[in-house]
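Here's the structure, in structure tokens; my notes come after.
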Amino acid sequence: MKNNLKKPYNPQKIEKKWQNFWNKNNTFKAQDFSKKKKFYCLDMFPYPSGEGLHVGHFRGYTFSDIIAKKRLMEGYNVLHPIGWDAFGLPAENFAIKTGINPAVSTKKAIKNIKNQLFLAGFGYDWDREIATCLPDYYKWTQWMFLKLYKAGLAYKKKAPVNFCSSCKTVLAREQVINGRCERCNTQVEKKFLEQWFFKITSYADRLLDDLDLIDWPEKIKTMQKNWIGRSEGIEIIFEIDFFDSRFNLPVFTTRADTLFGCTYLVLAPEHPLVESLIKGKKNSSFPLGKSTIENKKEIEKYIEKAKSKTEIERLAEEKEKTGVEVKGIKAINPVNNKEIPVFIADYVLPEYGTGAIMAVPAHDQRDFLFANKYGLEIIETIKPINETSVFPFEEDGILTNSGVFNGMDSSKARKEIANYLIKRNLAKESVYYKIRDWLISRQRYWGAPIPIIYCQKCGELPVKEKDLPVLLPKIKDFKPTGKGKGPLAKVKSFVEVNCPKCNSLAQRETDTMDTFVCSSWYFLRYADPVNSKEFASKKKIKHWLPVDFYIGGAEHAVMHLLYSRFFTKVLKDLKLIDFDEPFLKLFNQGTVYRQGVKMSKSKGNVVTPAYIFEQFGADTMRLYEIFMGPADQATEWSDKGVVGCYRFLNKVWKLREKVKSKNNQKPNQQLHKTIKKVTEDIEHFRFNTALSALMILINQMEKEKEPALSDYQLVIKLLAPMAPHISEEIWQSLGNKQSIFLEEWPSYDEKIIKEEKVILIIQINGKVRDKIEVEAGISKTDAEKKALAREKIKKWTEKNKIKKIIFIPDKLINIVV
RNA sequence: GCCGCGGUGGCGGAACUGGUUUACGCGUACGACUCAAAAUCGUAUAGGAGCAAUCCUGUGUGGGUUCGAAUCCCACCCGCGGCACCA
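Each residue of the first sequence is one higher than the one before, counting from 5 in this note's numbering.
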């Protein structure tokens, strides 16, 4: 073998060494109260599944690690922690299958994943590791619950909820995807159950408005905006003519401009008016229906049918509208006193608005379908501008058939009609939201118990703070019962407790909290992870928070990211923290695909980090994670592509033998350009192009006869955040005594970057025909002369007349003939 | 249906605010080294015509604006992600 290398690049040999070195020397440990500027860099903490992480999971962690390490070299005091989102269904389901306690299997999974992350060379502050399933942690989750409870933001209510028959628990609305359970894809059922909620709805406006304060991807902001779903409009009072009395029915609309086109009203089957008219349920707002409703039986039948529909059936029947008229009552359109019929139909939702709508078939798709089916009147009141009318026309236009409002445009008419009604006390301004309160109770075992006690005498009582945590008991039978109560209800020693008020025998709440509650505040705990007196000391929170940079998957857009913002605002209002938004900047890494589908265990297309570590080392994996493509875009993992990054590292390694410690040579322009590019590209998450710039530089230095040692050292620094092990090895082998991460990030000189000569492109009619090298800053006339003197150009200019010459300084000259 | 993102070689992808399309890497072909292979190094690599200089065509499709368009505008097709009877 002619290999003249003294030592070939052997990642297996060097990587372990430096991982231990950094660990021993606390290289990546965050300093509380350092005088340096702080930088809090956070990854969405992993769920410790037994399967461990695959290379797809490592992409986001690699990005944040590069940023954290660069910041460290730039002189920041960096907090880059990691922990475990350790409660939750998968561990529990695994426990049910195997009989192994989730505490045991989770601990094992954590150990495994921790090792995976350690071997990748990620610079976490391991002293701040947290796990949400440990009593030290969930004590404070329970404490947070009590804070919300005392602030009136946690309450128990009987409500229609989503129930998963496979997971045997209720779910939050955010966890129902297309009528199916987010976890197991089972169709959810609607049930009417008493459950715990957090009042996220009372923060709807702030959650919406404060999106302007944060640097997040527009996509996520839009998703949150849509989820919150704020609609401004008015509630219009329709008088209902009923037997010998009259009463008011409020209806919400955002389209007051279409009021003259309202030809009927529709009530949700669950509307209280229906209940009082048909079922005789007492209600202060509405009279009891006596025998005046002519088709009571028909209505009852319809309601019964509507209720039995599952979520999926309702979605499937989206286009097919059904309903039934309430015969015996009429409504009065307040704007023209027209009598119109009232219907009951399940396309009107009970939970939104007032549960009743004014139907305008000419200008609403759903009303149009319904009106057509039941032969109801359709009156056009909005005419499109410069178009012929096609029903339903849902855009803004010019009013017609609308009395004194004729000829107005929609937006003006909305205000005018609203004012007209408000003045006469027939309407009021109103805002409705799509977002619902967050259902947080779960009838499951593996979660933080809800700290509430029920006493027969004293009623519902919060556990005293001093009695926290309410420990999750170790039990053998984790199986959910599916009968409205979780497995904890079977544990007598857990359930039976003395009433904190009267000391008589009482019962604990046996539901546990949604794991998203645990993850709604974990970023605060990293500031002070072992505090047993507070969830974190105020001083430390003030020092570290808010998070400067947060990275994770986009799938948490309306769950974790919304919940965490909600928690932050609540804690701010309770004066426990003093900032409004938890994550100043958010970045979503792109998903990793392989063989055309998202990499996942269930698809059977995962590549394990261990395999890559063995074959090429952690540095190669890190480089490939970033080289694959733009950081925020989904991209395909190529087994063959990985090797390119390995070859690059080998080149870097071999270059060490070639560099000469010769000084005072002329500054390396390419190097300065690369420093600039790498510095800026990392700032903008363009890791792929940063790395390609380093490749270009290394290729060039390889070709030089005597590349300078000082240049080489700078290149190694640029490479260090991306490929830390090889960089540290080379750095210290060159006689440097301290870690490369304690060194300064390289700077560049704009003067050196500035080109003296530039390539000027010569175009004929916008097509490239020639190129010449010229002095930078050449004038238009000089450039013209030089260009026209070229043989290749003469060919074109001799035959044709020159019409125009366009000159872009230092770039191109375009001759139009 | 609505909202958002995307469509560039055989593949992953470059191309800054309109100015050399295909950087960097993979793959492929040929060559060097080798008894041989691997590794490594070198050369080539959008398609088409030509011995060649050179020319033509090319950034999903069709139009437009411009001296000049992957980039801007209009219409459409395809893929991905989100929302989904929200009045």
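Virtual Cβ for every residue (Gly too), placed ideally from N, Cα, C.
Runs of the alpha helix (DSSP H) lying entirely within the segment 96–177 and spanning at least 4 residues, in chain order: 106–123 and 139–154. Of the residues assessed, ASN672 falls on the buried side of the cut-off, its CB having 16 or more other CB atoms within 10 angstroms. Non-local beta-carbon contacts of ASP214 in its own chain, meaning distances under 7 Å to residues more than five positions away in sequence, involve ASP584 and GLU585 in chain order. In the displayed model, ARG428 falls within coil according to three-state DSSP, outside both helix and strand.
A distance below 7 Å separates the beta carbons of LYS74 and ILE686. LEU475 and SER109 have their C-alpha atoms roughly 18 Å apart.
In the DSSP assignment, TRP200 falls within the unbroken beta strand (DSSP E) covering 192–202. Contact between the segment 153–162 and the segment 486–493 is absent: fewer than 3 CB-CB pairs across the two stretches fall below 8 Å. In this structure, ALA622 sits near LEU123, with a CB-CB distance shorter than 7 Å. Under DSSP, MET517 shares a beta bridge with SER445.
The beta carbon of ASP532 lies closer than 6 Å to those of ALA540, SER541 and LYS544 in the same chain, with the five residues before and after it left out.
Here MET362 is bridged, per DSSP, to LEU269. Nearest to THR262 by C-alpha distance, out of LYS416, MET148 and LYS115, is LYS416. Across the structure, VAL772 and ILE766 are spaced so that their CA atoms are roughly 6 Å apart. For CYS45, there is no enclosing alpha helix (DSSP H); the enclosing beta strand (DSSP E) covers residues 42–47. For GLY92, the three-state secondary structure derived from DSSP is coil. Of the candidates SER169, PRO85 and VAL601, PRO85 places its Cα closest to the Cα of ILE134. Put simply, the backbone Cα of LEU528 is about 10 Å away from that of LYS546. 7 Å or more divides the Cβ of SER751 from the Cβ of LEU713.
For LYS544, the enclosing alpha helix (DSSP H) has its first and last residue at 542–548. If you compare the alpha carbons of THR296, GLY332 and LEU281 with that of ILE307, the shortest gap goes to LEU281. By DSSP's assignment, THR639 forms a beta bridge with VAL596. Burial of VAL646 is indicated by the presence of at least 16 other C-beta atoms within 10 angstroms of its C-beta. The residue from PHE167, TRP800, ARG370 and LYS680 with its alpha-carbon nearest to that of VAL192 is PHE167. For ILE797, the secondary structure class from DSSP, reduced to helix, strand or coil, is helix.
Residue state for PHE374 is assigned as helix, using DSSP reduced to three classes. Taking a contact as a CB-CB distance under 8 Å, the pair PHE62 and GLU629 counts as one, their CB atoms being some 6 Å apart. Separation of GLU398 and ASP368 (C-alpha to C-alpha, rounded to the nearest whole angstrom) is 6 Å. With respect to VAL270, PHE347 sits close: the two C-beta atoms are nearer than 7 Å. The straight-line gap separating the alpha-carbon atoms of PHE631 and GLU661 is approximately 26 Å.
In this structure, ILE457 lies near ALA510, with their beta-carbon atoms less than 7 Å apart. Between PHE689 and ALA635, the C-beta gap is smaller than 7 Å, which places the two residues in contact.
C-alpha of VAL521 to C-alpha of GLU538: approximately 18 Å in a straight line. Of the residues assessed, THR785 falls on the exposed side of the cut-off, its CB having fewer than 16 other CB atoms within 10 angstroms.
Between the segment 690–707 and the segment 674–682, the count of C-beta pairs closer than 8 Å reaches three or more; the two stretches touch. As computed with DSSP, VAL435 is found in a beta bridge with GLU236.
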